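Student: Below is a structure I'd like to ask you about.
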Amino acid sequence: MMSTQHKGSNCNELDHLRSSSKKRRSFYNNEKMSMNLNKTEKLQVLQNCLEILLFMQFQKIDDSPFSLGKIFWLLVLITCFTLSVYKIYAFCHLFFKYPVVVSFEIDRKDSLEFPAVSVCNLNPLQSGINPWSDEPVKLTPDYKLIFSERRSLQNCNRYNNGTFAVNEKNEKRLKFLMKYYTISDEQRLLLGINTSEFLDECSFNNRRCSSVHLTNFSDLRYGNCISFNKKLKGEEPLRISETGFGSGLILKFRLNHHYYLGTTHTLGAKVVIHGPKDSPDLEEEGYIIGPGNEISVSLKQTIHQRLPAPYKDKCLDYGTQTNAYMRNRK
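Numbering (the UniProt record's numbering), first residue to last: 1 to 330.
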């Protein structure tokens, strides 16, 4: 009897272990099946959940036995819908504004492009080669001076017949300007100062400047001028990799102020620093250096990159413009 009961209990234990192992297998199989759901099924489940939630809200409104309950659930639905619409509108409004993202970076380079430097003597002609006489002149309304020269002439009076009378102080200057503006660029170049005498010394990075990087041009107001590092066809602008005393460009000029015309009211030179691809704007930019002075100039380059249309700045790429005036407006 004892052996029979013992065998029976062992059989019951075996059946229990078998049933528990089957349950574990079925649990693991179900877990594997749930892990194998693809993305489409997950999206379908999410969609069904949203539909159920919306249906539940409407059902709560309909099943509520009290009018206050219906009003409460209706307000909840309207509030949720309003917030959703507002968020969608705010997102779309921000997207179509093309918001400007400001990115500040410090980019350290081994070398930078050296700017161009243009220098003009304030005296357009030497006094010994002024070819015009000192006969008096009257300025009629048909004659127009450039604004910068007209601005320096003061105390002009108008006659009753429409002509202008000029005081003795400005009479010679007016006569010179009227003659000077009528001659050609070639004549101005011949009558102007000698640029080889004007430029006394020139060195770049402790080396003598090459004639390749020096160009001459004539300006309507200042006469003959010199440009260093102006970009030419087939030549790339100079670059610099060092800063401090002794590096960069060193210029020394001979003004010859004792040869200045009597109509030149200022002694010195006009210096303009500009891009190698740009033409110097002598009327609006630059500064005047007087004789006997030594001036040191250091530059720091800051680049602002703005986005073109459809962004709100709608900036132009001036480098691709064919109009020289547009390129100089950078």
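Ideal placement from N, C-alpha and C gives every residue a C-beta, glycine not left out.
Treat the numbers as computed from the prediction; the structure is a model and nothing was measured.
Just checking: is the beta-carbon of F96 within a distance shorter than 8 Å of some beta-carbon in chain B?
Tutor: In the structure shown, chain B does not exist; there is a single protein chain.
Student: CA-CA distance, I295 and K97?
Tutor: Rounded to whole angstroms, I295 to K97 spans 48 Å at the Cα level.
Student: Tell me whether C83 sits in a helix, a strand or coil according to DSSP, three-state version.
Tutor: In the sequence under discussion, the amino acid at residue 83 is Leu, which differs from the Cys named in the question. Correct three-state label for L83: helix.
Student: Where are the alpha helix (DSSP H) runs, 4 residues long or more, that stay fully inside the region 199 to 250, in chain order?
Tutor: Counting only runs of 4 or more, we get nothing.
Student: For C120, which three-state DSSP category applies?
Tutor: Three-state DSSP puts C120 in a strand.
Student: Which partner residues of G192 appear in the DSSP bridge assignment?
Tutor: DSSP output for G192 lists L125 as bridge partner(s).
Student: Are the Cβ atoms of L189 and N224 separated by less than 8 Å?
Tutor: Yes. Within cutoff.
Student: Since residue 370 contacts A309 with CB under 8 Å, what's their CB separation in whole angstroms?
Tutor: For the chain, the structure presents residues 1 to 330; residue 370 sits outside this window and is missing.
Student: What is the rounded straight-line gap between the Cα of L192 and the Cα of F104?
Tutor: In the sequence under discussion, the amino acid at residue 192 is Gly, which differs from the Leu named in the question. Distance between the alpha carbons of G192 and F104 is about 48 Å.
Student: Whole-angstrom Cβ separation of V272 and L282, contact assumed at under 8 Å?
Tutor: The Cβ separation is near 6 Å, so the contact holds.
Student: For a test of the three-state rule: what should DSSP assign to F176, helix, strand or coil?
Tutor: Here F176 sits in helix by DSSP.
Student: In terms of alpha-carbon separation, which member of V117, Y89 and I106 lies closest to residue 339?
Tutor: Residue 339 is absent from the model: the chain starts at 1 and stops at 330.
Student: Taking only three categories from DSSP, how would you classify H93?
Tutor: Helix, per DSSP.
Student: Taking the alpha-carbon of L112 as reference, which of P276, I288 and R306 has the nearest alpha-carbon?
Tutor: Nearest of P276, I288 and R306 to L112, Cα basis: P276.
Student: Apart from the five residues just before and just after V212, which ones in its own chain have a Cβ nearer than 7 Å to its Cβ?
Tutor: Contacts found: E235.
Student: What residue ranges within the region 263 to 295 form continuous alpha helix (DSSP H) runs of no fewer than 4 residues, ordered along the chain?
Tutor: Correct list: empty.
Student: Looking only at DSSP bridge pairs, what is F104 linked to?
Tutor: Paired residues: none, contrary to the question.
Student: Alpha carbons only, please: which of C120, F81 and L77 is nearest the one belonging to L255?
Tutor: Of C120, F81 and L77, the residue nearest in Cα terms is C120.
Student: For K300 and F114, I'd like the C-alpha separation in whole angstroms.
Tutor: Going by the C-alpha atoms only, they are around 11 Å apart.
Student: Compute the Euclidean distance between the alpha carbons of Y287 and C315, then round it to the nearest angstrom.
Tutor: The straight-line gap from Cα to Cα measures roughly 29 Å.
Student: Could you name the residues that DSSP lists as bridge partners for L112?
Tutor: Paired residue(s): I240.
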